[in-house]
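Inspection log for the structure reproduced underneath, given as structure tokens.
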């Protein structure tokens, strides 16, 4: 399940990094920074390279906690800008809101002057399954650590470690903060998450869940089969799933139904 992948990719593509001469040594430096951060904090640090849809994962003790590895440390490369190894372990509700935070953060960073982009980071607290399948509260931060020669978003660092607060909270407590001037922006995505699907799409998904075929749904709602199938496809695309069954599972987990 990959919510907002299309929107995030649009931000990456708008950087036009393929038009620039990027220095591979900058990637090596960012990876070295991630390795040090993961080592010092015994957490998980991930560098995303927006120029080539790739990410580099470094984890110490945290990797063992969440079942990434049985070893004391791990390094992995993924041919995706998304952190699937992590996202697959997140609570579905929190995954949606984290993706919304990433989108708002990168959109904001894209609008800033080059000199300001590295001052900001996005923070949140999310639920993630450990190796035993139990949800733990995890602190997460995202920031830009590498700009292209033209000052565009290029290398992004995401860090995860265990939160000291393990009580249930509503939402992921999303914030964007500026460590230079003390600015703190509190965000809320609860209502926005509920509006991922339109009321008509929810209505159709409920009927699909009840086992109704497209023709019956069309008759019940007094719309064409073509319209029903178009809604089905929109639902699948919005939830980034493969079929209607997966859409029902995802929407139920996200409390959209």
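Numbering (the numbering used here), first residue to last: 101 to 357. Where a beta carbon is used, it is the ideal one built from N, C-alpha and C, also for glycine.
For residue i, which residues of its own chain have a beta-carbon under 8 Å away from its beta-carbon, when the five flanking residues on both sides are left out?
i	result
residue 230	165, 166, 167, 236
residue 296	103, 196, 338, 339, 354, 356
residue 327	318
residue 312	320
residue 324	318
residue 271	197, 288, 289, 290
Taking the alpha helix (DSSP H) that residue i falls in, what are its first and last residues?
i	result
residue 205	192-211
residue 147	First-last for residue 147: 144-149, but that is the beta strand (DSSP E), not the alpha helix (DSSP H).
residue 331	325-339
residue 109	105-114
residue 187	184-187
residue 311	Neither: residue 311 is in no alpha helix (DSSP H) and is coded neither H nor E.
residue 294	290-294
residue 346	344-353
Given 7 Å as the limit, tell me if residue i has its C-beta closer than that to any heavy atom belonging to the ligand NAD.
i	result
residue 181	In the structure shown, the ligand NAD is absent, as is every other ligand, since no ligand is present at all.
Report yes if the CB atom of residue i is closer than 8 Å to the CB atom of residue j, and no otherwise.
i	j	result
residue 220	residue 276	yes
residue 150	residue 115	yes
residue 253	residue 244	yes
residue 112	residue 211	no
residue 169	residue 163	yes
residue 194	residue 227	yes
residue 257	residue 147	yes
residue 246	residue 126	yes
residue 343	residue 335	no
residue 154	residue 120	no
residue 259	residue 280	no
Going by DSSP, what residues sit across from residue i in a beta bridge?
i	result
residue 237	227
residue 259	145, 241
residue 175	158
residue 246	255
residue 284	277
residue 221	243, 277
Which residues in the same chain have their Cβ closer than 6 Å to the Cβ of residue i, if we skip the five residues on either side of it in sequence?
i	result
residue 274	201, 224, 287
residue 278	219, 220
residue 131	147, 156
residue 348	309
Quick check: is the beta carbon of residue i nearer than 8 Å to any beta carbon in chain D?
i	result
residue 209	Looking for chain D here will not work: only one protein chain is present.
Going by beta carbon distance, what residues of the same chain come within less than 7 Å of residue i, once the five residues before and after it are set aside?
i	result
residue 367	The question about residue 367 has no answer, for the chain in this structure spans 101 to 357.
residue 117	150, 151, 248, 252, 254
residue 138	144, 145, 158, 159, 160
residue 187	195
residue 208	276
On the DSSP letters alone, give me the boundaries of the beta strand (DSSP E) that residue i sits inside.
i	result
residue 273	Residue 273 -> no beta strand (DSSP E), and no H or E assigned at all.
Original post:
Is there contact here, the stretch 256-273 with the stretch 298-305, by at least three beta-carbon pairs under 8 Å?
Top reply: Not touching, per the Cβ criterion.
Original post:
Are at least three pairs of beta-carbons, each pair with one atom in the stretch 285-292 and one in the stretch 197-204, less than 8 Å apart?
Top reply: yes
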